[in-house]
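Below is one structure, written out as structure tokens; the observations come after it.
In full-length UniProt numbering, the protein residues as written are 1 to 466.
So this is what it looks like as structure tokens:
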């Protein structure tokens with residue numbers, strides 16, 4: 001059962017707002033509503049909305065973590081939540097009542113998935129709608145709908161992908177579901193959608209001695225060498241320790257990086273001592289750190305000075321070095337004849353929905369068209385920068401074949417001097433199931449299910465003939 005954070009929610013009925021200076025502290029659930037509105041109405045990425053929220057930092061740590069858990073849960077299950085609400089509303093809410101719709105969504109998320117006590121899930125949402133002026137007239141509706149869902153919570157909870165009643169379509173925007181069905185079939189698309197509903201574990205890339213750090217971080221070592229710390233079950237929600245407070249952070253002994261995201265840099269070679277390596281789209285710097293740790297002379301390229309500052313901060317903490325360059329990677333020609341190039345291209349990020357559930361609701365097919373054009377330009381730029389005999393690893397954290405296999409097929413057709421270097425299972429911890437028939441890497445979120453899954457990723461390794 002989720003402990004009810006209402007006791008530390010400053011605007012809750014049991015804990016009236018306490019001023020901080022001349023400014024009242026916002027309630028946790030009001031902050032959650034602000035963030036959900038930012039994502040779904042203003043199409044703002046959740047991480048960006050979290051970092052820019054003017055009042056979130058004044059909440060106690062426990063409440064901030066509850067806010068994040070509540071919003072990510074609502075986004076992760078948004079399709080099922082809306083399906084539930086549609087069964088409980090006699091007619092759809094008008095477009096102008098978007099705040100009411102989002103309040104209901106937060107109430108359903110608490111009731112069905114966070115298992116917040118019924119009185120807290122209902123009463124706080126009714127209180128929240130009452131405080132919003134123009135929406136106050138919906139108090140009765142919000143109360144009635146949420147109380148009905150509380151009564152039939154188990155029935156509504158069962159309507160989820162993979163239970164034999166509904167397919168993954170219930171949890172996703174239609175365009176995304178249809179794209180996966182077309183690419184992989186209904187059964188595999190359902191497995192992907194189901195895997196995205198689970199809270200992901202926390203993965204670390206360590207400098208050395210994974211077994212030692214797995215013990216200190218209370219995790220396990222995956223076959224690929226990543227150290228994984230399991231998530232807290234949300235039904236037993238409690239604040240997790242801050243990343244900065246975990247053993248080894250201050251000493252720079254590890255960095256957070258999904259197990260799939262850690263694989264592409266390894267495909268350039270285990271020992272890169274003395275080799276000139278270009279990380280074409282470097283931020284936030286996890287792959288740059290891997291390349292530097294492997295001994296490479298790394299040039300980290302990114303078009304954003306702000307993002308490069310984050311790369312710099314991470315490298316300083318990890319006591320690693322790289323040359324940082326701010327430029328458009330598709331146009332940059334300052335360096336040439338690189339021994340190896342890592343191109344982690346901008347993409348739709350649909351493989352990371354389990355970590356970033358807002359992605360499913362921020363993207364649409366038009367984004368894919370724009371991104372594939374960018375990916376083609378970056379691949380052609382990489383071909384112009386690598387030396388004969390050098391290697392290029394192209395990767396995206398996308399499940400869309402248009403951003404993976406199709407881009408490599410088109411690139412090889414345009415560049416007859418380039419050829420594929422198939423990846424061996426021994427290079428990725430023996431996980432042969434992550435390889436395609438062409439020898440590319442293609443991971444799916446439902447793989448490694450016993451260990452907590454893995455992000456969806458694609459990578460291909462290429463070489464320029466001498």
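Cβ atoms here follow ideal geometry from the backbone N, Cα and C, with glycine treated the same way. Please read these numbers as outputs of a predicted model, since none were measured by experiment.
Q: Scan the segment 380-448 and note each continuous beta strand (DSSP E) run of 3 residues or more that stays entirely inside, going in chain order.
A: Qualifying beta strand (DSSP E) stretches, in chain order: 386-396, 418-420 and 441-443.
Q: Tell me where the beta strand (DSSP E) around residue 454 begins and ends.
A: Counting from 1 along the chain shown, the entry for residue 454 is found at position 454. Note, residue 454: premise wrong, no beta strand (DSSP E); not H, not E.
Q: Assign residue 358 to buried or exposed, taking buried as 16 or more other Cβ atoms, counted over all protein chains shown, within 10 Å of its Cβ.
A: Taking the chain shown and counting its residues from 1, the one referred to as residue 358 is at position 358. It counts as buried.
Q. Which residue from 110, 30, 199 and 318 puts its Cα closest to that of residue 129?
A. To locate residue 129, count along the chain shown from 1; it is residue 129. Here the closest residue by C-alpha is 30.
**Q.** For residue 149 and residue 155, the rounded distance between their alpha carbons
**A.** Residue numbering aside, residue 155 sits at position 155 when the chain shown is read from its first letter. Residue numbering aside, residue 149 sits at position 149 when the chain shown is read from its first letter. Roughly 9 Å separates the two Cα atoms.
(Q) Please classify residue 354 as buried or exposed, where buried requires at least 16 other C-beta atoms within 10 Å of its C-beta. (A) Position 354 of the chain shown, counted from the first residue, corresponds to residue 354. With 16 or more other Cβ atoms within 10 Å, it is buried.
Q) Rounded C-beta distance between residue 299 and residue 345? I'm assuming under 8 Å. A) The residue labelled residue 299 in the question sits at position 299 within the chain shown. The residue labelled residue 345 in the question sits at position 345 within the chain shown. Going by Cβ atoms, the distance from residue 299 to residue 345 rounds to 17 Å, so no, they are not a contact pair.
Q | residue 456 and residue 351 closer than 9 Å at C-beta | A | Translated into the one-based positions of the chain shown, residue 456 becomes position 456. Translated into the one-based positions of the chain shown, residue 351 becomes position 351. A contact, by the Cβ cut-off of 9 Å.
Q) In whole angstroms, what is the alpha-carbon distance linking residue 49 and residue 64? A) Translated into positions along the chain shown, residue 49 becomes position 49. Translated into positions along the chain shown, residue 64 becomes position 64. The alpha-carbon atoms of residue 49 and residue 64 are separated by roughly 13 Å.
Q) Counting Cβ pairs, one atom from each stretch, are 3 or more of them under 8 Å apart for the segment 328-341 and the segment 379-391? A) yes
Q: Spell out a yes or no on whether the segment 203-215 and the segment 279-297 are touching, meaning 3 or more CB-CB pairs, one atom from each, closer than 8 Å.
A: yes
Q: Could you check the C-alpha separation between residue 448 and residue 195 for me, to the nearest Å?
A: Translated into the one-based positions of the chain shown, residue 448 becomes position 448. Translated into the one-based positions of the chain shown, residue 195 becomes position 195. Whole-angstrom Cα-Cα distance: 11 Å.
Q. Quick one: what does DSSP say residue 353 is sitting in, helix, strand or coil?
A. Your numbering for residue 353 matches position 353 in the chain shown. Reduced to three states, the DSSP call for residue 353 is coil.
Q.
Helix, strand or coil for residue 292? Go by DSSP, reduced to three states.
A. Taking the chain shown and counting its residues from 1, one reaches residue 292 at position 292. Helix at residue 292.
Q) Alpha carbon to alpha carbon, what distance is there between residue 347 and residue 378? A) The residue given as residue 378 occupies position 378 in the chain shown. The residue given as residue 347 occupies position 347 in the chain shown. Near 12 Å, if we compare the C-alpha coordinates of residue 347 and residue 378.
Q. When we look at the beta-carbon of residue 426 and count the other beta-carbons within 10 Å, is it buried (16 or more) or exposed?
A. The residue given as residue 426 occupies position 426 in the chain shown. Exposed: under 16 other Cβ atoms inside 10 Å.
Q. So what does DSSP say about residue 242, is it helix, strand or coil?
A. Residue 242 sits at position 242 when you count from the first residue of the chain shown. Here residue 242 sits in coil by DSSP.
Q) Is DSSP giving residue 218 helix, strand or coil here? A) Here residue 218 refers to the residue found at position 218 when the chain shown is read from its first residue. Residue 218: coil per DSSP, three-state reduction.
Q) In angstroms, rounded to a whole number, what distance separates the CA positions of residue 176 and residue 361? A) Along the chain shown, one-based indexing puts residue 176 at 176. Along the chain shown, one-based indexing puts residue 361 at 361. Approximately 10 Å, taken between the alpha carbons.
Q. Hey, how far is the Cα of residue 450 from the Cα of residue 201?
A. Residue mapping note: residue 450 aligns to position 450 of the chain shown, counting from 1. Residue mapping note: residue 201 aligns to position 201 of the chain shown, counting from 1. So the two alpha carbons sit approximately 12 Å from each other.
Q.
Considering just the uninterrupted stretch of the alpha helix (DSSP H) at residue 66, what are its terminal residues?
A. For the purposes of this step, residue 66 is taken as the residue at position 66 of the chain shown. That run of the alpha helix (DSSP H) goes 61-76.
Q) When DSSP labels each residue in this structure, what does residue 187 get in the three-state scheme? A) For this step, residue 187 is matched to residue 187 along the chain shown. Reduced to three states, the DSSP call for residue 187 is helix.
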